[in-house]
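Engineer: Mapping to the working numbering: the sequence shown position 70 is 73, numbers consecutive. All C-beta atoms, glycine included, are put in the ideal place defined by N, C-alpha and C. Being a predicted model, the structure only gives us computed values, none of them experimental.
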Amino acid sequence: MALTLQIILVVSSLAMTMFVLLHKGKGGGLSSLFGGGVQSNLSGSTVVEKNLDRMTIIMAIIWIACIIGLNLLQAYA
C-alpha cells in the first residue's frame, strides 16, 4: 500500500510540475512555446487555460491525499 502511494506521489509531483510550468505567467511562460500565447492574447482566458487550471488543482489534491495517506500509514504501522 505504501509503495503504491509513493509511486502515485512521484507521478503526481511530476505532472503538477509540468502543469504549473505550462501556465501563462506575466512573461508568457512555457505555454507560449506551444502556440498558447497567440490564442490567449486574442481571447483572454481560453478553454485550454481553464482546463490546465482544473488539472493542476486535481493533481494538487491527489498529491496532498498521498502525503496524508503516507503519513497515516507511517503513524499507525
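#1: Near Met4, what residues of its chain come up, given a Cβ to Cβ distance below 7 angstroms and the 5 sequence neighbours on each side ignored?
#2: Determine the DSSP secondary structure at Met62, reduced to helix, strand or coil.
#3: Of the choices Thr20, Ile70 and Gly28, whose alpha-carbon is the least far from that of Met58?
#4: When DSSP labels each residue in this structure, what does Thr20 get in the three-state scheme?
#5: Can you give me the C-alpha to C-alpha distance between Tyr79 and Leu55, rounded to a whole angstrom?
#6: Could you tell me the alpha carbon to alpha carbon distance between Ser15 and Thr49, rounded to whole angstroms?
#7: With 16 as the cutoff for other CB atoms within 10 Å, does Lys53 come out buried or exposed?
#8: So what does DSSP say about Thr7, is it helix, strand or coil?
Structural biologist: Taking the coordinates as given:
#1: Cβ neighbours of Met4 beyond the five flanking positions: Leu76.
#2: Met62: helix per DSSP, three-state reduction.
#3: The option with the nearest alpha carbon to Met58 is Thr20.
#4: Note: Thr20 maps to helix in three-state DSSP.
#5: Within the model, the alpha-carbon separation for Tyr79 versus Leu55 is close to 36 angstroms.
#6: Looking at the two C-alpha atoms, the distance is approximately 24 angstroms.
#7: The residue is exposed, with fewer than 16 neighbouring Cβ atoms inside 10 Å.
#8: Residue state, collapsed to three classes: helix.
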